[in-house]
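What follows is one structure encoded as structure tokens, with my remarks underneath.
Number of protein chains: 2
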Amino acid sequence: MDADAPIGLIAGRGALPIEVVEEARRRGRRVVCVDIFEADPALQRVADAYYAVRLGDLGGIIEAFRRHGVREVVLAGKVDKLPALRRVRLDAHGEAVARRTPDYRDTSIVGAFLAVLETSGFEVGHQARYLGHLVPGPGVLSPRAPSEAEAADIQAGLRFASRIAALDIGQAVAVRNGTVVAVEAAEGTDEMIRRAGVLSAGVVVVKVSRPQQDPRYDLPVVGPATITALGEARGTALAVEAGRTLVLERDRVVAAAADADLALVAVAAAARDADV
Amino acid sequence: MDADAPIGLIAGRGALPIEVVEEARRRGRRVVCVDIFEADPALQRVADAYYAVRLGDLGGIIEAFRRHGVREVVLAGKVDKLPALRRVRLDAHGEAVARRTPDYRDTSIVGAFLAVLETSGFEVGHQARYLGHLVPGPGVLSPRAPSEAEAADIQAGLRFASRIAALDIGQAVAVRNGTVVAVEAAEGTDEMIRRAGVLSAGVVVVKVSRPQQDPRYDLPVVGPATITALGEARGTALAVEAGRTLVLERDRVVAAAADADLALVAVAAAARDADV
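These protein sequence lines map, in sequence, to chains F and R.
Numbering of the first sequence is given in the UniProt record's numbering, commencing with residue 1 and proceeding in unit increments.
Numbering of the second sequence is given in the UniProt record's numbering, commencing with residue 1 and proceeding in unit increments.
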């Protein structure tokens, strides 16, 4: 890897792309940012170069990176699948991706997209390469630890969520007294949490990675909005996987958990895998 | 079984209890009905005896049945778990059920409830004993058969729904182009269908039985409301398991499917089991 060459950042919605730029800059790297889906406008200020490229215009992305001598590419930020699919217009490279895609699963689409980037000469790096500072180790992150009942629901939730994730359905479940109240599929974690709150107070939410997770783009993410949704849903605890989850704005997350008296815990992934 | 003794019917919400009474009467049996949760008021007219008993008052149920010499008991109708759990008040028998219940899963609660009934001397019959006329064999029930794309999504949905059901999470999923759009948990099938419709047009819904299904109370049910929900959600097909599903008001269901141009199909359960 040429440490003088800039990093290419493919940016979606949310705070992660900014985090990548800041960490890369701390390491003395320049960043060429391509906004593919509603990226934070602040990126125009912090990145060394910035392009807005329509989602299907993969040729535009490749051209922007080549212009700046990018070799190493990272992905960060959220691309909401359903709005994105409605909005996409495919160029010739995009058509190539579509032809390679066996179905419309997230992993199939992104996998085909990354394959085209890599055959075009770019190296797509692991997502945590410039985001390691956001990945918690095992332990209780909030002031309050889970109660015994919450810990039991967290264990149950880990088993259910692991199986849901293994089926490539979603990555999160809400559990109460050993019963699954809600399962995340296409609606996303925060919507699932809201629904669980309507059905039952006192749920515990568990969010895990996929066993077939691609570390180039697929780490689960939680942030202040997750905690807000859980508090409003009268949930009491959130568990994520240590070493495999990006926690955005951890100070705000912990403060919000404290305010809502939520237990927030990062569970060793090994504990889960042994159980699957 | 004493064919002169009346049948004891434990009735919840919906049309099934009426169906049981009518079929039992066609076979010359009298019916003693105990309404435990929002049962149809028409039961007071069609049953030979009728009692409204609070959900946790198992002693009241046993007493009513003994008064009429009931030996054979059947369950029919829906008890919405979450409202029911909020409303329940336990008598001494109810407390016995609660002590036997290892967790709050539907199957655990009802299993303990049936165990107390059976140790009290009642035989709890299979649910289809007086409902066999509502169980479809394999085949297309609607005027329109599934398209090739719908048939592929039905197969995918059977695989996903079987696994969800095996985890005792729920019994239905909504699928589009091989991707799971929504999974049913505590919210029920119709709510899940509505959510799927907000996320994506053109979903296929598959509803299956649990592998550990208890034939005394656990057959999946679809009816006109399911078809209405699917039509409003812009879904295009519904698949259920042949021989294991109760189809309520089949004439209305088929007419509603025809009106909405939905494909409605009962799939051989063996086809699913081979795939799990």
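Even glycine gets a Cβ: it sits at the ideal position worked out from N, Cα and C.
Which same chain residues end up closer than 8 Å to residue i when comparing Cβ atoms and leaving out the 5 residues on each side of it in sequence?
i: E123 (chain R); result: M1, R71, E72, V73
i: V276 (chain F); result: Unreliable placement is indicated for V276 (chain F), whose pLDDT of 39 sits below 50; the coordinate value is still reported in the next sentence. Same-chain partners within the cutoff: R159, S162, R163, A166, P211.
i: G231 (chain R); result: A256, D259, A260, L262
i: V222 (chain R); result: T189, K207, L238, V240, T245, L246, V247, L248, V253
Rounded to whole angstroms, what's the CA-CA distance from residue i to residue j? Just pull it up for me.
i: F113 (chain F); j: A257 (chain R); result: 39 Å
i: I61 (chain F); j: L141 (chain F); result: 38 Å
i: C33 (chain R); j: A149 (chain F); result: 38 Å
i: A165 (chain F); j: A229 (chain F); result: 21 Å
i: G69 (chain F); j: P220 (chain F); result: 30 Å
i: V183 (chain R); j: A172 (chain R); result: 6 Å
i: R53 (chain R); j: G94 (chain R); result: The amino acid at residue 53 (chain R) is misidentified as Arg; the sequence shows Val. Looking at the two C-alpha atoms, the distance is approximately 12 Å.
i: V20 (chain F); j: Q155 (chain R); result: 41 Å
i: D259 (chain F); j: I109 (chain F); result: 39 Å
i: M192 (chain F); j: L199 (chain R); result: 13 Å
i: residue 290 (chain F); j: V180 (chain R); result: Beyond the ends of chain F as shown, which are 1 and 276, falls residue 290 (chain F); an answer cannot be given.
i: L262 (chain R); j: L9 (chain F); result: 45 Å
i: F37 (chain R); j: L55 (chain R); result: 7 Å
i: Y217 (chain R); j: P146 (chain R); result: 30 Å
i: R66 (chain R); j: A186 (chain F); result: 51 Å
i: G188 (chain R); j: R195 (chain F); result: 12 Å
i: A15 (chain F); j: D40 (chain F); result: 7 Å
i: R26 (chain F); j: D168 (chain F); result: 36 Å
i: A233 (chain R); j: R13 (chain R); result: 24 Å
i: A64 (chain F); j: Y50 (chain F); result: 9 Å
i: T245 (chain F); j: R100 (chain R); result: 39 Å
i: V97 (chain F); j: V116 (chain F); result: 7 Å
i: V240 (chain F); j: R144 (chain F); result: 15 Å
i: E118 (chain R); j: A76 (chain F); result: 59 Å
i: Q213 (chain R); j: K78 (chain R); result: 16 Å
i: L43 (chain F); j: D35 (chain F); result: 9 Å
i: G197 (chain F); j: D80 (chain R); result: 17 Å
i: I18 (chain F); j: D251 (chain F); result: 16 Å
i: G178 (chain R); j: G157 (chain R); result: 8 Å
Counting only C-beta atoms, is residue i closer than 9 Å to chain R at any point?
i: A274 (chain F); result: Confidence in A274 (chain F) is poor, its pLDDT being 44 and thus under 50, which makes the residue's placement unreliable; the coordinate value appears in the next sentence. Taking Cβ atoms only, chain R never reaches closer than 9 Å to A274 (chain F), which makes this a no.
i: L238 (chain F); result: no
i: I164 (chain F); result: yes
i: F37 (chain F); result: no
i: residue 297 (chain F); result: This structure does not reach residue 297 (chain F), given that chain F is present from 1 up to 276, and the question cannot be answered.
i: F113 (chain F); result: no
i: V79 (chain F); result: no
i: L210 (chain F); result: Reading the sequence as shown, one finds Arg at residue 210 (chain F) and not Leu. Closer than 9 Å: no.
i: V205 (chain F); result: no
i: F122 (chain F); result: no
i: A196 (chain F); result: yes
i: E184 (chain F); result: yes
i: V247 (chain F); result: no
Are any of the Cβ atoms in chain F nearer than 9 Å to that of residue i?
i: L199 (chain R); result: yes
i: A256 (chain R); result: no
i: A42 (chain R); result: no
i: G170 (chain R); result: yes
i: R67 (chain R); result: no
i: E150 (chain R); result: no
i: V181 (chain R); result: yes
i: E187 (chain R); result: yes
i: A5 (chain R); result: no
i: A174 (chain R); result: yes
Which same chain residues, not among the five before or five after residue i, have their C-beta less than 6 Å away from its C-beta?
i: L264 (chain R); result: L141, S142, L238, A257
i: G202 (chain R); result: R176, T236
i: D153 (chain R); result: V175, V204
i: A274 (chain F); result: With a pLDDT of only 44 at A274 (chain F), under the threshold of 50, the placement of this residue in the model should not be trusted, and no figure is reported.
i: A47 (chain F); result: V21, V31, C33
i: A5 (chain R); result: G69, R71
i: L134 (chain F); result: L246, V247
Kindly identify the DSSP beta-bridge partner or partners of residue i.
i: E241 (chain R); result: R:V267
i: R13 (chain R); result: R:K78
i: I7 (chain R); result: R:V31, R:E72
i: V124 (chain R); result: R:V73
Here's a check: name, in chain order, each residue in its chain whose Cβ is nearer than 7 Å to the Cβ of residue i, leaving out the five neighbours to either side.
i: A92 (chain F); result: G59
i: Y130 (chain R); result: V20, E23, A24, V74
i: residue 278 (chain F); result: Missing from the structure shown is residue 278 (chain F); chain F here goes from 1 to 276 and no further.
i: H126 (chain F); result: P215, R216
Is residue i near the ligand ZN, judged by its Cβ being under 8 Å from some heavy atom?
i: V73 (chain F); result: You won't find the ligand ZN in this model; it holds no ligand whatsoever.
Sequence ranges, alpha helix (DSSP H) only - wholly within the stretch 18-52 of chain R, length at least 4: Listed in chain order, they are 43-46.
Contained alpha helix (DSSP H) runs [length at least 4] in the UniProt domain "LpxI C-terminal" (138-265) of chain R, N- to C-terminal order: Here the runs fully enclosed are 148-166, 189-199, 224-232, 250-259.
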